[in-house]
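With the first letter of the sequence shown counted as 1, position 190 gets the number 1123 in the numbering used here; the numbers rise by one all the way through.
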Amino acid sequence: MLHILHIDASARPGIAGTDHHGSHSRQLSHHFVSQWQQHSPQDAVTYRDIGQHPPSFISHDWVASAFTPEEQRDPWMKQALKESDALVDELIASDIVVIGTPLYNFGMPAALKAWVDQVVRAERTVGVDKTSPHDPYIPKLNDRERHAVVLAARGGTNMAPGEEMAHMNHLEPHLASALEFVGITRIHTIAIEGQEVGGEVLAGSIASARHQVERLVKELQVALNSSTEPA
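What follows is the structure, given as structure tokens:
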């Protein structure tokens, strides 16, 4: 049985095409998970709606606690890291991290950045080798095959890597850097574009993205099921 961690980061609570002013990124992430469960109902899903229930921003207490060795932490330090520990545990348990997120002002929503800050943790998701000061970081989530599926929604167009407006898109590159830093290097990105243009441009982008999601589900199910079969 595989484990999917499903995260939605949009400030819009509804789903585009179903709810008024609904979220296009939520539409994609829910489409991915529903397609997955249709073919593999035995797989587990953990859902986090950080768009409606954002993680806490890191604080002085968080930093002091995270960089204190676990065996030396006072009770208040353990409490300060309680939320982070829960989010990290979910990430470690996952085989696939599905992130539905809009592009806000060239980058990720604050809620998603807060989640990143909570899960990129020294000695939990990243080891630190102090004997190698020039390259001290050791990813800890590369112990087994994990995938990240980033399902984005952008108001503009031509913002994918290599395209005309790619220089204004810091969402996927930022997420990729954070995920790779902790050891999740198999990253798949699909996006809806043209929300500000609307009309046929948006409709065509939605149809294409949904088709890509369906194809990716099939590809990942074949790849992951074959990798978990006994030799």
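For every residue, glycine included, the Cβ atom is placed at its ideal position computed from N, Cα and C.
Applying the criterion that 16 or more other CB atoms from any shown protein chain within 10 Å of the CB defines a buried residue, is residue i buried or exposed?
i     : result
E1126 : buried
M1098 : exposed
V1030 : buried
S989  : exposed
I1165 : The structure shown has nothing for residue 1165, since the chain only spans 934 to 1164.
S1159 : exposed
R1077 : exposed
H939  : buried
R1054 : buried
A1026 : exposed
V1049 : buried
R925  : What is shown of the chain runs 934 to 1164, which leaves residue 925 out entirely.
S1065 : exposed
G1137 : exposed
Enumerate in chain order the residues of its own chain whose CB-to-CB distance from residue i is below 6 Å, with the five nearest sequence positions on each side excluded.
i     : result
L1045 : A942 and T1034
A1086 : H957, S958, P1035 and I1125
I1139 : I1125
Skipping 5 residues on each side, what residues in its chain have a beta carbon closer than 8 Å to that of residue i?
i     : result
V1052 : S1017, L1020, V1021, L1024, T1058 and V1115
V1150 : F965, Q968, W969 and H972
M1010 : D994, A997, S998 and T1001
Thinking C-alpha only, which one of the options is nearest residue i?
i     : options                       : result
S1157 : Q971, D976, S956 and I940     : Reading off the sequence, residue 1157 comes out as Leu, not Ser. Nearest option by C-alpha distance: D976.
W995  : F965, A1047 and Y1037         : A1047
E1056 : T1064, P1066, E1003 and L1036 : E1003
E1129 : R1143, G1088 and M1092        : G1088
A908  : A949, Q1005 and A999          : Missing from the structure shown is residue 908; the chain here goes from 934 to 1164 and no further.
M934  : A1043, I1123 and D1028        : D1028
V1082 : P1106, N1075, R1119 and P1094 : R1119
N1091 : S962, I1123 and I948          : I1123
N1038 : H1100, H1121 and R1148        : H1100
I991  : R945, A1043 and L1153         : A1043
Assuming the contact rule is C-beta atoms closer than 8 Å, residue i and residue j should be a hit. Round their C-beta distance to whole Å, please.
i     : j     : result
V1146 : Q968  : 7 Å
L1135 : L1036 : No, L1135 and L1036 are not in contact; Cβ-Cβ is about 14 Å, not under 8 Å.
L1084 : I1032 : 7 Å
I1117 : R1079 : 5 Å
L1108 : M1041 : 7 Å
With 9 Å set as the bound, which would you pick, yes or no: does the beta-carbon of residue i sit closer than that to a beta-carbon of chain D?
i     : result
I1123 : Absent from the structure: chain D. Only one protein chain is present.
Leaving out five residues before and five after residue i in sequence, what residues of the same chain have Cβ atoms less than 7 Å from its Cβ?
i    : result
I948 : G955, S956, R959, Q960 and H963
Please specify which runs of the alpha helix (DSSP H), each continuous and at least 4 residues long, are wholly inside the stretch 950-1016, giving them in chain order.
Whole alpha helix (DSSP H) segments, 4+ residues: 957-972, 993-999 and 1008-1013.
Which runs of the beta strand (DSSP E) spanning at least 3 residues fall entirely within the stretch 1042-1097, listed in chain order?
1059-1061, 1070-1072 and 1080-1086
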